[in-house]
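Asker: If you count the sequence shown from 1, you need to add 5 to reach the working numbering.
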Amino acid sequence: MLTALRLECDTTPDLAATMKLQIPALAWYRTGVGEWQRTYHPNGRGVPVRVEADHGGLRFTFRTSAEEALLRDVLISTFRNGEQVGAMALAGHPALRTLRRHHQGMILLNGSPFETLVLAILAQGRPAEAVRKVFPRLAAACGGLTPQRLSALPLPRLAQLVRPLGEVKASRLHATAAILTRRGATAFDRLIAGSGALALNYLLSLPGVGTHTAALVVTIINNMPDMVPIDQHLMRVAYRLGLTDHDGGLTKPGSRRVAADLLAYGPDLARVHPLLQQVAYDTCTAATPDCRRCFLAESCRHAARTAGARV
Ligand code: SF4
C-alpha cells in the first residue's frame, strides 16, 4: 500500500531546477520524466520516496509504514513547506528581480545537519552526478546517515563505497563521524542549529571541512540570514551584475566586502547564492561570459556595458 502526500505551492514547482543545485539537491536522483526519488531511513529502515510536480504542488508517494508521520515531517521540512524562490524578498536590484522571476517555481531545499555535511565533503571538487550515485549506496550501507552509523562502518568498506569520488574522502568522513560520535548522539544537531558563528567554528574544527564547505553547510541547514559563502565564481557574477563594486581577488577582506554588499539587498540573498553560482558555471565563465544565452542579460551591468561598446 502506498501513501501519498501533497504539498501546495504558489506556482507550478520547477523540480528540474530544484534538483540541480545544493550539493546536488540533497541527493535526490531522477527516475523518469519529471519524477525524482531518494530513500530515507526513518528508524534505520529504508523507505524509497518519489516526488513529482502535480497541478501547482508536489506529490510524494512512499510505502505505507509505521514511520509515516516521521517521514511526512522530514519531507515537509526538506521542501520548506512548499516555499519557492518566487516568494522571496528579492526586489532590491533589477538582476535580483529577474532571478526571482526566472526561478519562481524553484524550492531551495533544507538539509538535515549530518547528511548535509557528508554530502558537502563528498561533493568537494567532484561532479554532481557522481555524488548522486555514491550517496544512496553510502546511506543504505549505514541504514541512514548518522555519525554513529558512519563511524561504525569499517574503513575499508567506506573506502570502497566512496571510491568513485576519491578514497581520501573515506578517511575524512570516518574521522569526522568518529569525532561527532564521541561528542554525543545529538550534540552535532544541537550545535549546528545554534548561532551561525558557533556552527561555523565547530565545522571548521572537523577533518576535511574548509571555510567554503563550512559556510555552505551552515547556509543550507540553518538558513542563516547573515552568511554567504563567497568563492571566485560568486564574486565574478556579483561584480558583473552590479551587485557589488568589488572586483579584486578572493582575499578575506574582499570576500567580506562582497558578502556584505550582497546581504545589503536582504537576508534572502544568503539563500539564493547557489543560483548566482550556477550562472557562473552556465554562462558567466571567467574567460568570456556568454551574455546572449544568459537570462540575466536584460538587467546585467556588464552586458549593458559590452552591448554599448559594440554599438
Ligand atoms: S549577462 Fe553576461 S555578464 Fe551578466 S551575468 Fe549573464 S553571462 Fe554574466
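In this text, a Cβ means the ideal position worked out from N, Cα and C, and glycines have one as well. Computed from a predicted model, the values in this text were never measured in an experiment.
With a threshold of 7 Å, establish whether the CB of A308 neighbours any heavy atom of the ligand SF4.
Answerer: True, at least one ligand heavy atom lies under 7 Å from that Cβ.
Asker: So, for L281: in the same chain, excluding its five sequence neighbours on each side, which residues have a beta-carbon less than 6 Å away from its beta-carbon?
Answerer: So the qualifying residues of the chain are L239, V242.
Asker: Assuming L12 is part of the beta strand (DSSP E), what are its boundary residues?
Answerer: Note, L12: beta strand (DSSP E), 7-13.
Asker: Pick out the complete alpha helix (DSSP H) segments inside the segment 25-57, 4 residues or longer, and give them in chain order.
Answerer: The segment 25-57 contains these whole alpha helix (DSSP H) runs: 27-30.
Asker: How big is the Cα-Cα spacing for R137 and G130?
Answerer: Roughly 14 Å separates the two Cα atoms.
Asker: Using the three-state DSSP reduction, which class does T288 fall into: helix, strand or coil?
Answerer: Coil at T288, not helix or strand.
Asker: What did DSSP end up calling F65 once you bin it into helix, strand or coil?
Answerer: Reduced to three states, the DSSP call for F65 is strand.
Asker: Nearest by alpha-carbon distance to R262: which of G271, D250, Y270 is it?
Answerer: It is D250 whose Cα lies nearest to the Cα of R262.
Asker: Taking Cβ to Cβ, would you say I112 is nearer than 8 Å to L178?
Answerer: Their beta carbons are not under 8 Å apart, which means I112 does not touch L178 by this criterion.
Asker: Just verifying my parser: in three-state terms, what is the DSSP assignment at N115?
Answerer: The answer is coil: DSSP assigns N115 none of H, G, I, E or B.
Asker: Could you give the C-beta distance for R85 and N115, rounded to a whole number, given that I count them as a contact under 8 Å?
Answerer: Correct: roughly 5 Å between the Cβ atoms.
Asker: Apply the 10 Å Cβ neighbour rule to E303 and answer buried if 16 or more other Cβ atoms are within range, or exposed otherwise.
Answerer: It is exposed - the Cβ of E303 has fewer than 16 other Cβ atoms within 10 Å.
Asker: Please go through the same chain and pick out, in chain order, the residues whose beta-carbon is closer than 7 Å to the beta-carbon of V316, but skip the five residues on each side of it.
Answerer: Note that V316 has pLDDT 46, beneath the 50 cutoff, so the model's placement of it is unreliable and the number below is only indicative. Excluding sequence neighbours, V316 sits near nothing in its chain.
Asker: Apart from the five residues just before and just after A157, which ones in its own chain have a Cβ nearer than 6 Å to its Cβ?
Answerer: Result list for A157: empty, nothing under 6 Å.
Asker: When the Cβ atoms of the segment 9-18 are set against those of the segment 52-72, are three or more pairs found closer than 8 Å?
Answerer: A contact exists between the segment 9-18 and the segment 52-72.
Asker: Can you grab the Cα-Cα spacing for the pair R276 / A94, in whole Å?
Answerer: Straight-line Cα distance between these residues: approximately 11 Å.
Asker: According to DSSP, is C147 helix, strand or coil?
Answerer: Helix at C147.
Asker: Comparing C-alpha positions only, which one of I235, A183, T103 sits nearest to L301?
Answerer: Ranking the options by Cα distance to L301, first place goes to T103.
Asker: Heavy atom of the ligand SF4 less than 7 Å from the Cβ of L246, yes or no?
Answerer: L246 Cβ: within cutoff of the ligand SF4.
Asker: Can you name, in chain order, every residue of its own chain whose Cβ lies under 8 Å from the Cβ of G199, other than the five neighbours on each side?
Answerer: For G199, where only same-chain residues beyond five positions count, there are no Cβ hits under 8 Å.
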